[in-house]
Structure formats: C-alpha cells, structure tokens
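Protein chains: 2
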Amino acid sequence: MNTNSTKNLPYYMALFIIELGDDLDNFEEMSLKMNELVSQQSGYLGGEDMETTDGRIISICYWENLDSIKDWRGNLEHQIAIKLGKEKWFKSYQIQISKVEYILGI
Amino acid sequence: MNTNSTKNLPYYMALFIIELGDDLDNFEEMSLKMNELVSQQSGYLGGEDMETTDGRIISICYWENLDSIKDWRGNLEHQIAIKLGKEKWFKSYQIQISKVEYILGI
Numbered sequence: 001m002n003t004n005s006t007k008n009l010p011y012y013m014a015l016f017i018i019e020l021g022d023d024l025d026n027f028e029e030m031s032l033k034m035n036e037l038v039s040q041q042s043g044y045l046g047g048e049d050m051e052t053t054d055g056r057i058i059s060i061c062y063w064e065n066l067d068s069i070k071d072w073r074g075n076l077e078h079q080i081a082i083k084l085g086k087e088k089w090f091k092s093y094q095i096q097i098s099k100v101e102y103i104l105g106i
Numbered sequence: 107m108n109t110n111s112t113k114n115l116p117y118y119m120a121l122f123i124i125e126l127g128d129d130l131d132n133f134e135e136m137s138l139k140m141n142e143l144v145s146q147q148s149g150y151l152g153g154e155d156m157e158t159t160d161g162r163i164i165s166i167c168y169w170e171n172l173d174s175i176k177d178w179r180g181n182l183e184h185q186i187a188i189k190l191g192k193e194k195w196f197k198s199y200q201i202q203i204s205k206v207e208y209i210l211g212i
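Protein chains in written order, with my numbering: chain A, 1 to 106; chain B, 107 to 212.
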C-alpha cells in the first residue's frame, strides 16, 4: 500500500529509522515475514519501506489508532523480530509513534 | 540536527515525501536556503533530509507545537519555495503533520 492512499484523519503513524549493522543474516526474510504478518493486523492501514542512499531503512506504518499499534507490539512473532533486530541487525533504531492531524500534497 | 536528539514529548513532526521531477534547476540552492531559514524559526527543534535509493526526498522537521508550523508556513520566502516546488520541481509531494506521542529506540 502506498503512502498516498486515502486514510481518514486522524490516523496514527509509526516511523522507524533503522541504521543497519554488518551482520544481516536472515534480516530480509524476517522483514518480508513481518510485512506479511502486519498486513493481517486489525487497524493496519498500510505502509512503506524505503532505503536511503546512506544505507538506512525508513519504514512507515499507518494505523487506525493506538490500540492497533499496541496489539501489534504484543504479537509474539513481532516481539521476536524486534529482539533479534536489537541484538543482531540494528546498529541503532528509532521508532516515533505519532498522530497524523493534517495532510497536504499533490 | 540529528533525529536522535532529545526532544520533550509531545512534539510535532512534519514529514515530507517528495518525488522529484526532471527539471531541478535551482532546487538544491533553494533547499539549502530553506534549511537555513527554518533553523531560525521559533519552535523549530531540528530535522533531517534523506534521499531514498529510488530517488525520493524524505524531509523530517521537528517542531514544538502546531503554531510554530503555522508561522513557518506563513513565511513569505517559504511560500515562494513551496510554490516553485509545486510548479517546477515536485512530480508529487506529500506532507503529513503529526504529533509525536511516543519514542522507542536504541
């Protein structure tokens, strides 16, 4: 789902900025698995993964409300992925959870 | 200023996702000028520009509150830059204004 899709305001956004480490063994498989799993979550409105030219991963997920995000954070397979990320794949990461109040664009 | 800088919650985020067109004449100069101007705005808490591997620009600006964002949107030089962007440089753009309620990270 594209970031330009129509979503009713307000909605929630989880913005990940991930700096990857050197050992990326199984990272891509896990990312694909998480993208598949998250798409089945109630309240999930879509999202997008981007890579920056300096090698970071920007991942944006849109949600109907905070409860949907909490449910997803409670998902056991997701928790394992986050744990592996922190221990193995991520040199640093930051997640900002925000409530989107306005959209402008063309 | 880096996205990892300490900011007191809640704060506001303006997330731009810009798909550039082919004519980028003067775009970089204007970007630099806007970065300099915005850094002088009251309520501005920093930001970061990133380029994605598929050629989009992701620009994140952090703000103390909505009023600071409104003031910046009212800035005449900024309005001219946005107008030029829409008419000339941007194939598409989206700005999402959101209130950051939680941060997680390492």
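Quick reminder that beta carbons are idealized off the backbone N, C-alpha and C, glycines included.
Residue from the options whose Cα sits closest to the Cα of residue i
i             : options                    : result
residue 105/A : 112/B, 125/B, 114/B        : 125/B
residue 128/B : 201/B, 197/B, 209/B, 144/B : 197/B
residue 48/A  : 102/A, 57/A, 41/A          : 57/A
residue 202/B : 79/A, 97/A, 102/A, 98/A    : 102/A
residue 41/A  : 10/A, 6/A, 32/A, 63/A      : 63/A
residue 177/B : 136/B, 112/B, 205/B, 150/B : 150/B
residue 98/A  : 112/B, 189/B, 117/B        : 117/B
residue 66/A  : 136/B, 175/B, 189/B, 206/B : 206/B
8 angstroms Cβ cutoff, residue i in contact with chain B
i             : result
residue 105/A : yes
residue 28/A  : no
residue 58/A  : yes
residue 6/A   : no
residue 102/A : yes
Contacts around residue i, its chain only, beta-carbon distance under 6 angstroms, and the 5 residues preceding and following it disregarded
i             : result
residue 200/B : 123
Neighbourhood of residue i by C-beta, 7 angstroms cutoff - its chain only, sequence neighbours within 5 removed
i            : result
residue 24/A : 89
residue 60/A : 3, 13, 15, 47, 48
Below-8 angstroms beta-carbon distance, residue i vs any chain A residue
i             : result
residue 170/B : no
residue 70/B  : A question about residue 70/B goes unanswered here, because the residues of chain B that appear run from 107 up to 212.
Within chain C, the residues that residue i reaches when beta carbons sit closer than 8 angstroms
i            : result
residue 13/A : This model lacks chain C altogether; the protein chains it does include are A and B.
Three-state class that DSSP yields for residue i in the structure shown
i             : result
residue 7/A   : coil
residue 129/B : coil
Anything in the stretch 80-93 of chain A with a Cβ closer than 8 angstroms to a Cβ of chain B? List those residues in chain order, please. 86, 90, 92, 93
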